[in-house]
Amino acid sequence: MSTLSRKRIYNTLTMKYHFNEIEAKWQKYWADKGTFNASNNSDKPKYYVLDMFPYPSGAGLHVGHPLGYIASDVYARYKRLKGFNVLHPQGYDSFGLPAEQYAIQTGQHPAVTTKVNIEGGVDNQGNEIAGYRNQLDKIGFSFDWSREVRTSNPEYYKWTQWIFTELFNSWYNYDTNKAEGIETLVSAFAKEGNGNINAACDDNIEPFTAAQWNDFSENEKQVILLQYRLTYLAETEVNWCPALGTVLANDEIVNGVSERGGHTVVRKKMTQWSMRISAYAERLLQGLDSLDWSESIKETQRNWIGKSVGATVSFNLKDHDKKIEVFTTRPDTIFGVSFMTLAPELDLVQEITTPEQKEKVDAYIASTAKRSERERMADVKTITGAFTGAYAEHPFTKEPIPIWIGDYVLAGYGTGAVMAVPCGDQRDYDFAKHFGIAIPNVFEGVDISEEAFADKAATVIANSDFLNGLKYKKAVKLAIYELEKVGAGSGKTNYRLRDAVFSRQRYWGEPFPVYYKDGMPHMIDVEHLPLELPEIEKYLPTEDGEPPLGRADVWAWDSKTNKVVSNDLVRSSAVENSEDNGIYPLELNTMPGWAGSSWYFFRYMEKAQRDAVFASKEAMDYWGNVDLYIGGSEHGTGHLLYSRFWVKFLKDRGHVSVDEPFQKMINQGMILGTSAFVYREENSNTFLSLGLSKDKQVQPIHAPVAFVNASDELDVEAFKKWRPEFKDAEFILEDGVYKVGREVEKMSKSKYNVVNPDEICEQYGADTLRMYEMFLGPLEQAKPWNTAGITGVHNFLKKFWKLYHNGAEATFNVTDTPASKDSLKTLHKTIKKVQEDIENFSFNTSVSTFMIAANELSAQKCTSQEVLEPLAILIAPYAPHIAEELWSKLGHTESISEAGFPVFEEKHLVESAKNYPISFNGKMKFTLELPLDMSKDEIEKTVMAHEKTQMYLDGRTPKKVIVVPGKIVNIVG
RNA sequence: GCUCGAGUGGUGGAAUUGGUAGACACGUUGGACUUAAAAUCCAAUGUCCAUUAGGACGUACGGGUUCAAGUCCCGUCUCGAGUACCA
Numbered sequence: 002m003s004t005l006s007r008k009r010i011y012n013t014l015t016m017k018y019h020f021n022e023i024e025a026k027w028q029k030y031w032a033d034k035g036t037f038n039a040s041n042n043s044d045k046p047k048y049y050v051l052d053m054f055p056y057p058s059g060a061g062l063h064v065g066h067p068l069g070y071i072a073s074d075v076y077a078r079y080k081r082l083k084g085f086n087v088l089h090p091q092g093y094d095s096f097g098l099p100a101e102q103y104a105i106q107t108g109q110h111p112a113v114t115t116k117v118n119i120e121g122g123v124d125n126q127g128n129e130i131a132g133y134r135n136q137l138d139k140i141g142f143s144f145d146w147s148r149e150v151r152t153s154n155p156e157y158y159k160w161t162q163w164i165f166t167e168l169f170n171s172w173y174n175y176d177t178n179k180a181e182g183i184e185t186l187v188s189a190f191a192k193e194g195n196g197n198i199n200a201a202c203d204d205n206i207e208p209f210t211a212a213q214w215n216d217f218s219e220n221e222k223q224v225i226l227l228q229y230r231l232t233y234l235a236e237t238e239v240n241w242c243p244a245l246g247t248v249l250a251n252d253e254i255v256n257g258v259s260e261r262g263g264h265t266v267v268r269k270k271m272t273q274w275s276m277r278i279s280a281y282a283e284r285l286l287q288g289l290d291s292l293d294w295s296e297s298i299k300e301t302q303r304n305w306i307g308k309s310v311g312a313t314v315s316f317n318l319k320d321h322d323k324k325i326e327v328f329t330t331r332p333d334t335i336f337g338v339s340f341m342t343l344a345p346e347l348d349l350v351q352e353i354t355t356p357e358q359k360e361k362v363d364a365y366i367a368s369t370a371k372r373s374e375r376e377r378m379a380d381v382k383t384i385t386g387a388f389t390g391a392y393a394e395h396p397f398t399k400e401p402i403p404i405w406i407g408d409y410v411l412a413g414y415g416t417g418a419v420m421a422v423p424c425g426d427q428r429d430y431d432f433a434k435h436f437g438i439a440i441p442n443v444f445e446g447v448d449i450s451e452e453a454f455a456d457k458a459a460t461v462i463a464n465s466d467f468l469n470g471l472k473y474k475k476a477v478k479l480a481i482y483e484l485e486k487v488g489a490g491s492g493k494t495n496y497r498l499r500d501a502v503f504s505r506q507r508y509w510g511e512p513f514p515v516y517y518k519d520g521m522p523h524m525i526d527v528e529h530l531p532l533e534l535p536e537i538e539k540y541l542p543t544e545d546g547e548p549p550l551g552r553a554d555v556w557a558w559d560s561k562t563n564k565v566v567s568n569d570l571v572r573s574s575a576v577e578n579s580e581d582n583g584i585y586p587l588e589l590n591t592m593p594g595w596a597g598s599s600w601y602f603f604r605y606m607e608k609a610q611r612d613a614v615f616a617s618k619e620a621m622d623y624w625g626n627v628d629l630y631i632g633g634s635e636h637g638t639g640h641l642l643y644s645r646f647w648v649k650f651l652k653d654r655g656h657v658s659v660d661e662p663f664q665k666m667i668n669q670g671m672i673l674g675t676s677a678f679v680y681r682e683e684n685s686n687t688f689l690s691l692g693l694s695k696d697k698q699v700q701p702i703h704a705p706v707a708f709v710n711a712s713d714e715l716d717v718e719a720f721k722k723w724r725p726e727f728k729d730a731e732f733i734l735e736d737g738v739y740k741v742g743r744e745v746e747k748m749s750k751s752k753y754n755v756v757n758p759d760e761i762c763e764q765y766g767a768d769t770l771r772m773y774e775m776f777l778g779p780l781e782q783a784k785p786w787n788t789a790g791i792t793g794v795h796n797f798l799k800k801f802w803k804l805y806h807n808g809a810e811a812t813f814n815v816t817d818t819p820a821s822k823d824s825l826k827t828l829h830k831t832i833k834k835v836q837e838d839i840e841n842f843s844f845n846t847s848v849s850t851f852m853i854a855a856n857e858l859s860a861q862k863c864t865s866q867e868v869l870e871p872l873a874i875l876i877a878p879y880a881p882h883i884a885e886e887l888w889s890k891l892g893h894t895e896s897i898s899e900a901g902f903p904v905f906e907e908k909h910l911v912e913s914a915k916n917y918p919i920s921f922n923g924k925m926k927f928t929l930e931l932p933l934d935m936s937k938d939e940i941e942k943t944v945m946a947h948e949k950t951q952m953y954l955d956g957r958t959p960k961k962v963i964v965v966p967g968k969i970v971n972i973v974g
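If you count the first sequence from 1, position 95 lands on 96 in the working numbering, and the numbers rise without skipping.
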């Protein structure tokens, strides 16, 4: 008999909790009535609960994915019961690499696969896809689907493109500390040149006067402005991934290889769009303090921003007019400088190297260039370097300082050069020791014969002229003052945060709303957006190495009609003198994955006029920012930082009213799979049961978890049928069964440990799935999935159902008899605990609380509506289907989500007596029930007179008796 | 290396301010019901000693503070996450 038909019979015969029917019924009810559609006008206070929206992959959901959605759904439903107007939307981050790679393999348009992945269907390989939406719907979420977003829809990415043009038309003014329209910069230039402009901009911009500016050609002006815009084109060294054929952002690289696929990444110079996020470094850092996020995520962002306070020092070169600028956090150790080290890639190295040293230096540069980023990172112990033969001059002593190169200095951080103070920095120390360079000691009373001394707090400066005897802080201050006096440096704050490369050489992303006229980028106005992705034959780079959009034939912009037209119409260089027809080539790159996800939370606020606005002012003023954001912590340096940047920018330009997107965030832990292993004896087709495999040479093989029961026994027949190569396999059993080994691993198809939520819903119901996922453990913790344990929660729901029904006939049996004192106590204890738990996101303990309540109430044989009605409301956030069903059976016609959360009344919990633990020397021996209003002395007297006390004392006299009324009695002695 | 977190039964995990360690489940064992299985119900279940009564030991390890420590302090170990020649 199949599981399904067995279950059906069992349902009808012995129990009336038909979860499949109940759940289907209420899911349809909610959808038909639009129960959870939020209104943008309400007298109720607003509350915005958001999940990080998913990328709809073809693999579908496994039980790990809904964890965060269930938690946010519990919270959203709770807030509704508490009288809030709740916005709880959902959508799809539907641009991305997997759909594109699938398109490359199968030729299927990514838009088609994306749609199938969301809505279900059959792909062109004949695979049946359940569809994200269908899978989500089965779990009974209270999403407002009327506000759905898909980042790959043109009506959505129109506004992603618009934000890009806004960034292009803005610059960052450090004086006002916000982004301003580019026109304010233009007028400042026209009035006073760029001398007094304090802007976030490229390095090394030549100064010019107002007169010079006004004389510049339009093109010259644009070139200069591009160096100030918040998104700009620049030839930058990027992380190029040849295997993926695209550049990657720093946060898309893990351990020197691509996050996706683990491919090699090399450095390459390319002209790319960049986002001037570094302008916001300080605000992104400061803003963290106001956020209710986990300390670890905030710390991750602080590290990523990497603020360090110190000074720049410039060293004159001997026999050369150039200077070397360095950044240091220890200007107090300036007299300890005994050499300088430059990154080998710096252009300056070639200029200063003396002829005698040239051979050695070139050889060293060649050898470091060969080493990949990864090798350099893996090998930090080997000290390498070369002397350039050149010398710098100490700013105070004027002593010559030898200049070395070494790959421990990174070209990408600071100026790519360091002043080496071997006595105060271990890397400088090791370098000096290795190459026999002097190690002058500038610390008082410190032995540096073994290692460098880096303890700032214990620093007292010595051998340093005017700094002698000073502690760290004072010495830093004075050193900077003196450096400024001699014009050799100044205080400076450095950030590790780099500008973000924004171009990707891919098809399946937002096209840039950009065309090029005389090599200069021009933005397409918002009224002509969206600029839709063109159709192409193949989703690969062109033969000339251009991005996939280079394959499009109709990909030029007619600036007169504001339409996309055929490439053939672009004035070709061959006919240089032909008249400018206003038709120009469009940008071939597309935007990265994080573009669409950096503002989607605003889009949900607006559902009416999505073509006219990215979100209306009224909607944004009403909803403000996200009150609760739930998602994985893996986005710590990507999405969560970029979104904050865009929000701050949009705020600066007056488009939104909030400064931070996500006020409170909870990061759910991963649900891990419990893999099953069978053990094949080496060079055979014989499988040994776990207990027999111990001392044998066996190869563990993943077995699908579906073939294993709760007692770790393998369904041998199913396993044999699974793969042809196992058809004739022999199985050596122990005690008549084949036992598998178990191991906790990440849930993944390749490990055959994936558990599908659809199957759990089918077999146990969505309410069981929801409660079980919450019951597994603390939300933020990683925890293994174990399907066997689900029966506990399922049995509880059956028991819960029975509370409202008469056992034998299973008829609805809730009465208006007044509730007993005990039942009211159980109810109010539960109200209190559940409310506290939800507010603390301690969902696992409230599931226990429900179990305790059900156990108590069924023991009390409680049938009172007075208790059972509020109880149904209490459980509604967790198990909404069963709650709705019971609610309607109780005679209500509205959804239970319209009900109010039961009010806790302390009076039901007031006790008159306490069961005191009586302990001896801190060890509890027995308990004694005593009235709570008993005085301390009386308690002591009663306890001491008790026969058990006398028995435990065995004639001894206690030294001391501690009585804490209402808590404990402890007898010492 | 640095930063942050965490170590509690066979398993997942409770113990909100120091006050009865192991709630609630899973699993296991035994029992009831059944031709049987499933389901349901009942009982036991930290470890060790003891026939019972009861006792001893128990929250990674070693110390400490306290009448009382899973909880606070010091040190050590292990695991996880983040990050890294960042000057």
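Heads up, the beta-carbon is just placed ideally off N, CA and C, and yes, glycines get one too.
Residue interval of the alpha helix (DSSP H) (run including TRP31): 20-34 is the extent of the alpha helix (DSSP H) around TRP31.
Close beta carbons around LEU343, own chain, < 7 Å, minus the five adjacent residues each side: LEU349, VAL350, ILE404, ILE406, VAL410, GLY417 and ALA418
Helix, strand or coil at LEU292 [DSSP, three-state]: coil
Contact check, ASN710 vs GLN664, beta carbons under 8 Å: Taking the C-beta atoms as reference points, GLN664 is found no nearer than 8 Å to ASN710.
Segment contact flag, the region 42-52 with the region 581-596, C-beta cutoff 8 Å, min 3 pairs: In short, these stretches do not touch, since the Cβ pair count stays below three.
Every unbroken beta strand (DSSP E) inside the region 530-579 [3 residues or more]: 557-559 and 564-566
Own chain residues within Cβ distance below 8 Å of ILE874, not counting five before or after: LEU82, ALA884, TRP888, ILE897, ALA900, GLY901, PHE902 and PRO903
Buried versus exposed call for THR152 [16 or more other C-beta atoms within 10 Å across all chains shown]: Within a 10 Å sphere around the beta-carbon of THR152 sit 16 or more other beta-carbons, which makes this residue buried.
Cβ distance (whole Å) where MET606 is taken to contact PHE513 below 8 Å: Rounded to whole angstroms, the Cβ separation of MET606 and PHE513 is 26 Å, and the two are not in contact under 8 Å.
Supposed close pair PHE978, VAL461 - CB separation, criterion 8 Å: Outside the shown range of the chain, which is 2 to 974, sits residue 978, and nothing can be said about it.
Rounded C-alpha distance that separates ASP838 from SER849: 11 Å
For ASP768 and GLY288, the rounded distance between their alpha carbons: Distance between the alpha carbons of GLY288 and ASP768: 39 Å.
Whole-angstrom distance between LYS324 and GLU485, CA atom to CA atom: 16 Å
Whole-angstrom distance between LEU804 and THR15, CA atom to CA atom: Here the model assigns THR15 a pLDDT of 38, short of 50, so the residue's position is not dependable, and the following value carries that caveat. Whole-angstrom Cα-Cα distance: 15 Å.
Cβ neighbours of PHE454 in the same chain (closer than 7 Å, five flanking residues each side left out): CYS424, GLY425, PHE444 and VAL447
VAL310, DSSP secondary structure in three states: strand
C-alpha gap between GLU735 and LEU715, whole angstroms: Each residue's alpha carbon lies about 12 Å from the other.
Cutoff 8 Å; reference ILE130; Cβ partners in own chain excluding five residues on either side: Closer than 8 Å at the Cβ level, and outside the excluded window around ILE130, lie GLY59, GLY61, VAL117, ASN118, GLY121, GLY122, VAL123 and ASP124.
Continuous alpha helix (DSSP H) stretch holding ALA677: start and end: Here ALA677 belongs to no alpha helix (DSSP H); instead the beta strand (DSSP E) covers 672-682.
Boundaries of the alpha helix (DSSP H) in which ASN86 is found, first to last residue: Looking at the DSSP string, ASN86 is not in any alpha helix (DSSP H); the run it does join, the beta strand (DSSP E), is 86-88.
Backbone CA spacing between ARG604 and PRO881 [nearest angstrom]: As the crow flies, the alpha-carbon of ARG604 is around 28 Å from that of PRO881.
Within 8 Å, strictly: CB atoms of ILE525 and LEU532: yes
Those runs of the alpha helix (DSSP H) which lie wholly inside the region 38-95 and span at least 4 residues: 67-82
Extent of the continuous alpha helix (DSSP H) to which GLY793 belongs: 791-804
Alpha-carbon to alpha-carbon, PHE797 and LEU931: 34 Å
CB of PHE54 within 8 Å of CB of ASP94, strictly: yes
Spatial distance of ASN174 from CYS202 (CA atoms): Distance between the alpha carbons of ASN174 and CYS202: 10 Å.
PHE503, buried or exposed, once every other Cβ within 10 Å from all chains shown has been counted against 16: buried
Where ARG151 sits in the DSSP three-state scheme: ARG151 carries a strand assignment under DSSP once its states are collapsed to helix, strand and coil.
Residues that ASN167 bridges to, as DSSP identifies them: Here residue 167 turns out to be Glu, not Asn, going by the sequence shown. GLU167 is not bridged to any residue.
ASN128, DSSP secondary structure in three states: coil
THR237, enclosing beta strand (DSSP E) - first and last residue: 232-242
Straight-line Cα distance separating LEU550 from LEU872: 59 Å
Sufficient close CB pairs (3 or more, under 8 Å) joining the region 288-305 to the region 666-685: yes
Buried versus exposed call for GLU24 [16 or more other C-beta atoms within 10 Å across all chains shown]: buried
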